[in-house]
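Quick mapping for you: the protein sequence lines, in order, are chains A and B.
For the first sequence, my numbering assigns the number 839 to the initial residue and increments by one for each residue that follows.
For the second sequence, my numbering assigns the number 839 to the initial residue and increments by one for each residue that follows.
2 protein chains.
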Amino acid sequence: MSKNIVVTYGSFDLFHIGHLRLLARAKQYGDTLIVFVSSDEFTQQKGKQCLLPYEQRAEMISGCRYVDKVFTEHCWEQKIENIETLNVSTFVMGDDWQGKFDFLKTYCDVVYLPRTSSISSTFVKQSMRIIANIN
Amino acid sequence: MSKNIVVTYGSFDLFHIGHLRLLARAKQYGDTLIVFVSSDEFTQQKGKQCLLPYEQRAEMISGCRYVDKVFTEHCWEQKIENIETLNVSTFVMGDDWQGKFDFLKTYCDVVYLPRTSSISSTFVKQSMRIIANIN
């Protein structure tokens, strides 16, 4: 039987427990978890500003025990090609993207996972600002 | 031949690339890497303020592919007992602690590893404050 391959995509700035839990749950959908980390250029295109450069964001994801391979996400359009080339069985995203990738259901299973409530890079940034002002 | 066991200790607040690289290098000294994460009470005793509670700091360390086991650091005094009980061969710390744990050389090898230059929780906090003010 061939291995079930799972993919997910994201910027993964300031690797936090919300990311970790999402990756742990994503891995449960298959044998191999491949993560596409957004390039700095693509992150900017998405209107986001990352604190950490691509190399460090990718290194942090590679250090996660649930992740088997890390590639780069350069643009919105690459997903279908990635799914076909890598023979992906399940595409996973956080449910803040609910419905947005249903067009991929022609190619593989599409799963939206609940985000860890109130944990996000934005939350971490806000908490840090409070701490930074205290110290 | 028995397995070589490596230990390290720390708060590991806001898990970052400096932590990741230190754990990767620590693992190279043996077969099993055990990390003692400081409890919230002990962190306060050390005069540090963590953004994240013990449970989340420990969960992040458990998610790291180089780490085999996570325990709790409750006090300064437990190290010798840990080393003897766990049959530790190498004690590893960042070189910001250079010389401070030489008294453990009676019990096992003691290694101080270079910290990733200019990467620390303090650096991350400062960068976050800048970003928080921009956004």
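For every residue, glycine included, the Cβ atom is placed at its ideal position computed from N, Cα and C.
Note that the structure is predicted; figures quoted are calculated from it, not measured.
inquiry  = I need the DSSP call for SER877 (chain A), collapsed to helix, strand or coil.
reply    = Of the three classes helix, strand and coil, the one that applies to SER877 (chain A) here is coil, per DSSP.
task = Answer yes if the segment 840-851 of chain B comes into contact with the segment 880-890 of chain A, meaning at least three C-beta pairs across the two stretches below 8 Å, and no otherwise.
result = In short, these stretches do not touch, since the Cβ pair count stays below three.
inquiry  = Distance check for THR928 (chain A) and GLN916 (chain A), CA to CA, integer angstroms please.
reply    = Each residue's CA atom was taken as its position, placing GLN916 (chain A) and THR928 (chain A) some 16 Å apart.
ask   = Using a Cβ-Cβ distance under 8 Å, would ASN973 (chain B) count as near chain A?
value = Legend: pLDDT at ASN973 (chain B) = 40, less than 50; position of this residue unreliable, value from coordinates given subsequently. The Cβ of ASN973 (chain B) sits closer than 8 Å to at least one Cβ of chain A.
ask   = Quick one: is ASN842 (chain B) near chain A, going by C-beta distance under 8 Å?
value = Chain A, which has no Cβ nearer than 8 Å to the Cβ of ASN842 (chain B), makes this no.
ask   = Taking buried to mean at least 16 other C-beta atoms within 10 Å of its own C-beta, is SER918 (chain A) buried or exposed?
value = Here the sequence assigns Ile to residue 918 (chain A), which means Ser is not the residue at that position. Around the beta-carbon of ILE918 (chain A), fewer than 16 other beta-carbon atoms lie within 10 Å, marking it exposed.
request  = Provide the residue span of the alpha helix (DSSP H) that contains LYS917 (chain B), from first to last.
outcome  = Per DSSP, LYS917 (chain B) belongs to the alpha helix (DSSP H) from 917-924.
task = Tell me, to the nearest whole angstrom, how far the beta carbon of LEU871 (chain B) is from that of LYS865 (chain B); I am working on the premise that it is less than 8 Å.
result = With a beta-carbon spacing of about 5 Å, LEU871 (chain B) and LYS865 (chain B) fall inside the 8 Å limit used to define contacts.
Contacts of LEU858 (chain A) in chain B (Cβ-Cβ under 8 Å) = The contacting residues are GLU897, MET898, GLY901.
Rounded separation between GLN887 (chain A) and ASN925 (chain B) - CA only = Going from the Cα of GLN887 (chain A) to the Cα of ASN925 (chain B) covers about 46 Å.
query = Given ARG863 (chain B), which residues of its chain have a CB within under 6 Å of its CB, disregarding the five upstream and five downstream residues?
reply = The answer, listed in chain order, is LEU951.
key: Alpha carbon of GLU879 (chain B) to alpha carbon of CYS913 (chain B), nearest angstrom   = The alpha-carbon atoms of GLU879 (chain B) and CYS913 (chain B) are separated by roughly 9 Å.
query = Tell me which same chain residues have a C-beta within less than 8 Å of the C-beta of PRO891 (chain B), skipping the five on either side of it?
reply = Only ASP878 meet the Cβ criterion.
TYR945 (chain B) versus ASP947 (chain A): straight-line alpha-carbon distance, rounded = Rounded to whole angstroms, TYR945 (chain B) to ASP947 (chain A) spans 54 Å at the Cα level.
request  = Report back the beta-carbon spacing between VAL930 (chain B) and ILE899 (chain B) to the nearest angstrom; my notes put them in contact at under 8 Å.
outcome  = Actually they do not touch by this definition, with Cβ atoms about 14 Å apart.
message = Let's see if you can read the secondary structure: which residues bound the alpha helix (DSSP H) around GLY848 (chain B)?
response = Where GLY848 (chain B) is concerned, there is no enclosing alpha helix (DSSP H), although the beta strand (DSSP E) it sits in stretches over 843-848.
Best match in A:PHE941, A:ASP933, A:ASP906 for proximity to VAL845 (chain A) [C-alpha to C-alpha] = Nearest neighbour of VAL845 (chain A) by Cα position, chosen from A:PHE941, A:ASP933, A:ASP906, turns out to be A:ASP906.
request  = Could you tell me the distance, in whole angstroms, from the CA atom of ILE972 (chain A) to the CA atom of ALA896 (chain B)?
outcome  = With a pLDDT of 46 at ILE972 (chain A), under the threshold of 50, the modelled position of this residue cannot be trusted; read the value that follows with caution. Straight through space, the alpha carbons of ALA896 (chain B) and ILE972 (chain A) are spaced by roughly 24 Å.
ask   = At what residue ranges does the segment 859-916 of chain A contain a whole run of the alpha helix (DSSP H), taking only runs of 4 or more?
value = Runs of the alpha helix (DSSP H) inside the segment 859-916 of chain A: 878-883, 892-900.
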